[in-house]
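So the structure is just underneath, and the comments pick up after that.
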Amino acid sequence: IAQDIFQRLLERGFLCSDTMDQLRCEACERFLADRFVEGCCPLCGYEEARGDQCDLCGKLINAVELKNPHCKICRATPVIRTSKHLFLELPKVSEGPGGGEGRGTGGGARIGRSAPLSPAAARRYNRGPRPHRPVRDFKSPFHLLLEPAR
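The numbers in the UniProt record's numbering rise by one with no breaks, and the one at position 12 of the sequence shown is 12.
And the structure:
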């Protein structure tokens with residue numbers, strides 16, 4: 001079932017390939033998920049910021065932005081590597097009947113019956129969906145669908 005869904009997404013042009021920089025721990029021989037990286041926040045200087053956000057100032061961080069990053073597993077300094085990923089084209093998927101309806105204008109915008117959005121959240125919501133990377137660097141059965149038959 002999953003491979004059928006993947007194949008349909010691929011055929012309809014809802015998947016795209018792109019590269020991105022990630023932190024890789026050579027000692028652990030793996031790319032590091034955000035939760036496995038700590039370092040110094042580039043905004044406030046907090047020394048124990050995680051790879052996704054700083055708990056002191058609240059800034060959302062891309063792990064490669066951290067100063068003096070280290071692997072939480074082995075404490076080694078990771079290196080930046082470029083890797084190729086598949087992204088789900090959420091803007092294309094969301095087009096169609098009802099796509100984009102109900103978007104607020106910011107500053108108190110609501111989603112359904114929820115509490116008002118913060119101005120920053122309203123801006124992100126109003127931008128609409130962006131391509132999303134559903135799969136990280138791990139062995140997946142889907143790679144077989146992308147390789148030419150031998």
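Note that CB positions come from ideal geometry on N, CA and C, so glycine has one too.
Pair within 8 Å by beta-carbon distance, residue i and residue j
| i | j | result |
| --- | --- | --- |
| PRO27 | GLU38 | At residue 27 the sequence reads Ala, which differs from the Pro that was named. Their beta carbons are not under 8 Å apart, which means ALA27 does not touch GLU38 by this criterion. |
| CYS44 | LYS67 | no |
| LYS84 | SER17 | yes |
| THR82 | ASP34 | no |
Member of the options whose CA lies at the smallest distance from the CA of residue i
| i | options | result |
| --- | --- | --- |
| HIS70 | ASP55, GLN3, PRO42, LEU32 | LEU32 |
| CYS74 | GLY13, CYS25, ARG8, ASN62 | CYS25 |
| LEU63 | CYS57, GLY51, ILE1, LYS72 | Looking at the sequence itself, residue 63 is Ala, so the reference to Leu does not match. Ranking CYS57, GLY51, ILE1, LYS72 by Cα distance to ALA63 puts GLY51 first. |
| LEU90 | GLN3, ASP4, PHE14 | PHE14 |
| ILE80 | LEU23, ARG8, GLN3 | LEU23 |
| ALA76 | LEU88, GLU29, TYR46, LEU60 | GLU29 |
Cross-strand partners of residue i (DSSP beta bridge)
| i | result |
| --- | --- |
| CYS71 | VAL37 |
| GLN22 | ARG81 |
| LEU60 | GLN53 |
| PHE87 | CYS16 |
| ARG30 | CYS25 |
Extent of the continuous alpha helix (DSSP H) to which residue i belongs
| i | result |
| --- | --- |
| GLU47 | Note, GLU47: premise wrong, no alpha helix (DSSP H); not H, not E. |
| PHE14 | Run containing PHE14: none; DSSP gives neither H nor E here. |
Nearest-angstrom beta carbon gap, residue j and residue i [assumed within contact, 8 Å]
| i | j | result |
| --- | --- | --- |
| residue 153 | PRO42 | Here the chain has residues from 1 to 150 only, and residue 153 is not among them. |
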